[in-house]
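Counting from 54, one number per residue, gives the positions in the sequence shown under this note's numbering.
Single-structure report; data block below.
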Amino acid sequence: MSDLTAIDVLIDPDEAALARAREVNARVLKSMPGWVLDDTHQPHITTLQRYVRTGDLDQVYDAIEQTVAATDIAALSYQAVRITHADWGFPGYGPTVLLVDVDSHVLAFQAALVAAVAPFVEAGGTAAAFVTDPGETIEPTIIDWVEAYVPNQIGEGKYLPHITVGVAKFDDLKIIEAEPFDAFDVHPTSISVYHLGNNGTARKLLKTWPLTT
54 MSDLTAIDVL
64 IDPDEAALAR
74 AREVNARVLK
84 SMPGWVLDDT
94 HQPHITTLQR
104 YVRTGDLDQV
114 YDAIEQTVAA
124 TDIAALSYQA
134 VRITHADWGF
144 PGYGPTVLLV
154 DVDSHVLAFQ
164 AALVAAVAPF
174 VEAGGTAAAF
184 VTDPGETIEP
194 TIIDWVEAYV
204 PNQIGEGKYL
214 PHITVGVAKF
224 DDLKIIEAEP
234 FDAFDVHPTS
244 ISVYHLGNNG
254 TARKLLKTWP
264 LTT
């Protein structure tokens, strides 16, 4: 077991949002097969990614649970507004996402989580901190991304919440992204901690807190 674990503290979307994500996933699979949304590639909205000490995971869970309990989850606002992609330097293709708009309550929740897990964070994460399949190589991009998530993805103007729905070729994405998109609200059903896999995938559920509505 690695001394560090790459974790994703995330929002689990409601079933209606998951259905929309699966629709887009089915379409991008025609562009590039392979990235199927399933139990080890869960659709989600990341709030925070960090390298934490593996031996401190139980304390990390306690800190997150206390933060969730102190947060008015019903006030958190998420709306998927368009399909877009990230350019991580892959040749001719990139991760495809549903871009999500959030409000100030979400940013405050993110800041509270950053503070809560800070005592258990350690720099220097490597590929060993991630979930891997046999023969799989963790991309250096995601190793660096998690390392720099704080401060690069924290707060207004920097946090880019999204639901990853697969990967697609840039030529196909030009067509997909130009089409009309019906925005929809995303309602959190639980807050979870996942062990991260390659390219920011939520591979292994570590802890979850169902939310009451």
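Heads up, the beta-carbon is just placed ideally off N, CA and C, and yes, glycines get one too.
For residue i and residue j, what's the separation of their Cα atoms in angstroms?
i	j	result
Ala69	Ile229	21 Å
Ala123	Asn205	25 Å
Trp88	Asp67	21 Å
Leu82	Asp224	14 Å
Gln112	Gln95	24 Å
Val167	Ala128	19 Å
Pro214	Trp141	16 Å
His158	Leu71	22 Å
Phe234	Asp186	34 Å
Arg80	Lys257	25 Å
Phe173	Asp109	6 Å
Leu57	Glu232	42 Å
Pro86	Asn78	10 Å
Thr192	Ile136	For the record, residue 192 in the displayed sequence is Glu; it is not Thr. The alpha-carbon atoms of Glu192 and Ile136 are separated by roughly 23 Å.
Gly188	Ser84	24 Å
Gly210	Ser55	33 Å
What residues in its chain sit with their C-beta under 7 Å from that of residue i, if we drop five residues either side in the sequence?
i	result
Arg75	Leu90
Ile126	Pro241, Leu264
Glu118	Trp262
Tyr212	Leu160, Gln163, Gln206
Tyr114	Val246, Lys260
Please work out which residues of its chain come closer than 6 Å, Cβ to Cβ, to residue i, disregarding the five sequence neighbours upstream and downstream, and give them in chain order.
i	result
Val246	Ile60, Val62, Leu259, Lys260
Leu249	Ala59, Asp61, Phe183
Ile64	Ile98, Pro241
Using beta carbons (cut-off 7 Å, strictly below), is residue i in contact with chain C?
i	result
Pro66	In the structure shown, chain C cannot be found, because there is only a single protein chain.
State the CB to CB distance for the pair residue i and residue j, rounded to an integer number of angstroms; the pair is presumed to be in contact (CB under 8 Å).
i	j	result
Ile195	Gly253	6 Å
Ala255	Val170	Actually they are not in contact, since the Cβ atoms of Ala255 and Val170 sit about 17 Å apart, beyond 8 Å.
Gln163	Thr100	5 Å
Residues bridged to residue i by DSSP?
i	result
Arg80	DSSP, once it has assigned bridges, lists no residue as partnering Arg80.
Phe237	Ala133
Asp65	Ser243
Tyr146	Lys222
Lys260	Val246
Ile216	Leu151
Excluding the five sequence neighbours on either side, which residues of its own chain have a C-beta within less than 8 Å of the C-beta of residue i, listed in chain order?
i	result
His138	Gly147, Pro148, Thr149, Val150, Ala221, Phe223, Leu226, Glu230
Gly208	Leu160, Gln163, Ala164
Ile216	Pro66, Ala70, Ala74, Pro96, His97, Ile98, Ala133, Val150, Leu151, Val153, Val239
Report yes or no: do the stretch 135–154 and the stretch 203–220 share at least 3 C-beta pairs separated by less than 8 Å?
Contact between the stretch 135–154 and the stretch 203–220 is present, because at least three Cβ pairs lie under 8 Å.
For the stretch 230–246 and the stretch 171–191, state whether three or more C-beta atom pairs, one from each stretch, are separated by less than 8 Å. Taking 8 Å as the limit for Cβ pairs, the verdict is that the stretch 171–191 does not touch the stretch 230–246.
Inset, instruction - For the stretch 102–116 and the stretch 183–200, state whether three or more C-beta atom pairs, one from each stretch, are separated by less than 8 Å. - result: In short, these stretches touch, since the Cβ pair count reaches three.
Checklist line | Validate contact between the stretch 150–163 and the stretch 126–141 using beta carbons, cut 8 Å, 3 pairs | finding: Because the criterion of three Cβ pairs below 8 Å is met, the stretch 150–163 and the stretch 126–141 touch.
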